[in-house]
Structures are given as structure tokens and as C-alpha cells.
Amino acid sequence: MQKGIKFRIYPNKGQKAFIHQTLGCCRFIYNRGLAMRKEGYEKGEKIGYGQTSAMLTELKKQEEFAFLKEVDSIALQQSLRDLDRGFVNFFQKRASHPTFKSKHNHFQSYRTVNQKDNIRIVGRYIKLPKLGYVKVRQSMEVGNIHHVTIEHTPSGKYFAVLNVEFEPEPRPNQGGTIGIDVGIKTFYSDSNGNTAANPKYLERSMRKLVREQRRLSRREKGSHNRDKQRIRVAKVHEKVTNQRNDFLQKQSTMLVCENQTICIEDLHVKGMIRNHKLAKSIASVSWAKFFEMLEYKAVWYGNEIRKVPTMYPSSQTCSSCGYRNPLVKNLRIRIWECPGCHAVHDRDTNAGINILKKGLQLQSA
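Residues in the sequence shown are numbered from 16 upward in steps of one, following the numbering used here.
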């Protein structure tokens, strides 16, 4: 199995310059390959990874593009691999058409592959192709490194994301079964009547974020002060992201440790975000990322994730007698009494129970 581990790195001045040179070259090759494929499409020619890779080889032979030979050659090839993967995802309708990359994007990254142990951690340093030894803050042990992605974030920090091989340690769970109903006011309610409060990290940082963004708007475009203020804004966003990720990791790990079978709704989050009234709140709670964490941790530790169809009326159905009450579509109704059996339900707990029941039915089907 493989997983990603992210460490912050501290390149010196020369290493920073080389990282940005590599980022620029990778961006140049990606855009060149994209232009080549678009031109080929207009002429009715089929252009794939092989043709763009040959283009890169020819460019390196030209004196005009000699700078391409100064950076990591594997990183350049990987940028063309990314382009090819982008087209595969586009044709399979999993993503939009690849677009040209801009140097003005404040998040930049490149990927390189470990060959003959040229990527490894030695003490407090990580050895990287062409970069040499870069200081790293290592927070855990790593296995065999397959590849590494070097990131430069909007806050001005540098990270190495290692894709490593690992064998999950056996993690016995309590063998429970649970249904999870995610929400906005409450992050989730489960079939056991438990809830996890929505920490609302973005809302808690909104006052500071607005203040820093207002200061940014007053800075002169292109000035050094504007760039410094942009980094301050990025650091607020980064803190919110880190807080949210930490919360999601802890909640997903707890659920996997306590339950063998976890039933969730197969939500179409992208479609739900089109609701402009709820888009900001839905994006803030990160349901999709939470479900993604549950799924890969279930693979690691041998749990089962059961997905209930999106259109299943989990909130409207009485978990006691099965009566469907369409009035509960109204999100303002939090407690309701079933007209069929007169059972009184908490909206979210009832939904969690129904999701569990439906998920177990799907399992046995």
C-alpha cells in the first residue's frame, strides 16, 4: 500500500531559487505540451504522451532551450504525465478540459520519482534530485519512498509530500455498525444518537480574514508591501485549512476504530454547492474530504463503507414504522412526530438510523 506524508522543508536561498527554476520549467513544458495537443486536435492529428515527450527531447537539443537541461529531467517528464492524465480524466468526464498554467498562481508544485535511492531522508535532511540535502521537519518515520511532490504554498512555505510504501498495523475496532448523517449546523449525527459539532473554523477566523483582505485591497498592485500582505491573508486561510484537516482526521479515525461497518450517504457535493444560499457553508464543512478519509482508512484497516443512494429520503422516513413524511423536507423542522406511529424523532438522529438500516440492506442484497 501507499500513502502520502507531508513534511515542511527549509531550503536555503540557492535551493529556493532552484525550486522556482524547476517550477517554471515544468510549467513551460506543460503549457508547450498543451498547445501542441490543441494544435494537433485542430488539424485532426492524435497527439499523446509519446509525442509530447519526443517534443521535450527535441527542445533540449536546441541551444535556445538549454535551460531545460539544468533542472530535474524526471520532473519535466512528470509534468507531461500530469497533462496526459488531465486529458484522460477529461475524456472520461471526471474533470474539465486542461488549461494553461500561470506563473501568477501562488500555489505551485512539481513531482519527481525516486530512482536509485536519489530521494531519501538522512538525519534532519531530505536528499532531493539536483537540490541536494534540504533541511526537513520530520514528524514520523517513513517507508520506501516512491516519489515526492515539492510544493510552494501561497503563504510562502515549502513542503515535500512523500508517497511512501507502508503496511498498516492491525488496528482492532469495536465491531460496531453505524449510520452517519452529515449536516451543517451539526457536522454529523449518528444512528446511536451521538453528534459531532461543526467547529466552524472559517467563521471563527472571518473577522481577522476580512481585516487582512481589506488591508490587501489598499496596497498598491505590484508593490512589495502588497505581496507581504497577500502572504498574511494566505496564512489565515492556511490556518483554517490545517484546523479543518486535523478535525476531519480525528473524527474519521475515531469512527474507523469504533466501527466495522460505516454507512454514509452517497452525496453529490458538487451539485449541492450550486445552491448559492448554502454553498459557503457546505464548502466549509468539507463533507467530500471527510468521506474520502473514511474510505481510504477503511481500506487500510479492513472496515466496510456502505453508500446509501443520494435520493434516499433518510430524514423524511420514520425509522420506527417506515412512514414517509414529506413535510420534513423543510430544513427548519428539527423535531417531528410520525403521523403513522406517533414516534417523536430528532431529524438528524432519525436520518442516521435510516442510513444504517438502508446500508445494511444493501450489504445483504
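We put the CB at the ideal spot given by N, CA and C, even for glycine. Nothing here was measured: the structure is a model prediction, and the numbers come from that model.
Exercise for the section: Determine the burial state of G65: buried for a count of at least 16 other Cβ atoms within 10 Å of its Cβ, exposed for fewer. Expected result: With fewer than 16 Cβ atoms within 10 Å of its Cβ, G65 is classed as exposed.
Practice task
Could you pull out every residue in the same chain whose Cβ sits closer than 7 Å to the Cβ of I24, ignoring the five residues on either side in sequence?
Solution key: Non-local beta-carbon contacts of I24 in its own chain, meaning distances under 7 Å to residues more than five positions away in sequence, involve I141, V149, K150, V151, Y173, F174 and A175 in chain order.
Exercise for the section: Can you tell me which of the three DSSP states A211 falls into? Expected result: Looking at A211 - three-state DSSP - the assignment turns out to be strand.
Exercise for the section: Taking all protein chains shown into account, decide if S334 is buried (16 or more other Cβ within 10 angstroms of its Cβ) or exposed. Expected result: Classification of S334: buried, given that the 10 Å Cβ count is 16 or more.
Exercise for the section: Output the distance between the C-alpha atoms of V103 and L71, rounded to the nearest integer angstrom. Expected result: Taking the straight line from one Cα to the other gives about 20 Å.
Practice task
Along the alpha helix (DSSP H) that carries R233, what are the first and last residues, could you check?
Solution key: Y216 to R233 is the extent of the alpha helix (DSSP H) around R233.
Handout entry: Secondary structure of H239, DSSP reduced to three states
Key = Residue state for H239 is assigned as helix, using DSSP reduced to three classes.
Handout entry: H360 to E253 span [Cα, whole Å]
Key = Whole-angstrom Cα-Cα distance: 39 Å.
Problem - Residues of its chain near N262, where Cβ-Cβ distance is below 6 Å and the 5 sequence neighbours each way are ignored - result: Note that residue 262 is Phe in the sequence shown here, rather than Asn. Taking C-beta separations shorter than 6 Å and ignoring five residues to either side along the sequence, the partners of F262 in its chain run P214, following chain order.
Exercise for the section: Quick one: which unbroken alpha helix (DSSP H) runs of 4-plus residues sit fully inside the region 291 to 327? Chain order, please. Expected result: Fully enclosed alpha helix (DSSP H) runs of 4 or longer: 294 to 300 and 302 to 316.
Problem - Helix, strand or coil at S68 [DSSP, three-state] - result: Three-state result, S68: helix.
Practice task
Would you give the residue range spanned by the beta strand (DSSP E) that E352 belongs to?
Solution key: I350 to E352 is the span of the beta strand (DSSP E), which, as asked, contains E352.
Exercise for the section: Just the C-alpha distance for K21 and S124, rounded to the nearest angstrom, thanks. Expected result: Cα to Cα, K21 sits roughly 13 Å from S124.
Exercise for the section: Note down, in chain order, each residue of its chain lying with its Cβ closer than 6 Å to the Cβ of S329, except the 5 sequence neighbours on either side. Expected result: If we look at S329 and ignore the five residues flanking it on each side, its Cβ neighbours are A366, N369 and I370.
Problem - Three-pair Cβ contact test at 8 Å for the region 93 to 101 versus the region 32 to 49 - result: Enough Cβ pairs lie closer than 8 Å, so yes.
Exercise for the section: Please work out which residues of its chain come closer than 7 Å, Cβ to Cβ, to K18, disregarding the five sequence neighbours upstream and downstream, and give them in chain order. Expected result: Here the set comprises V179 and F181.
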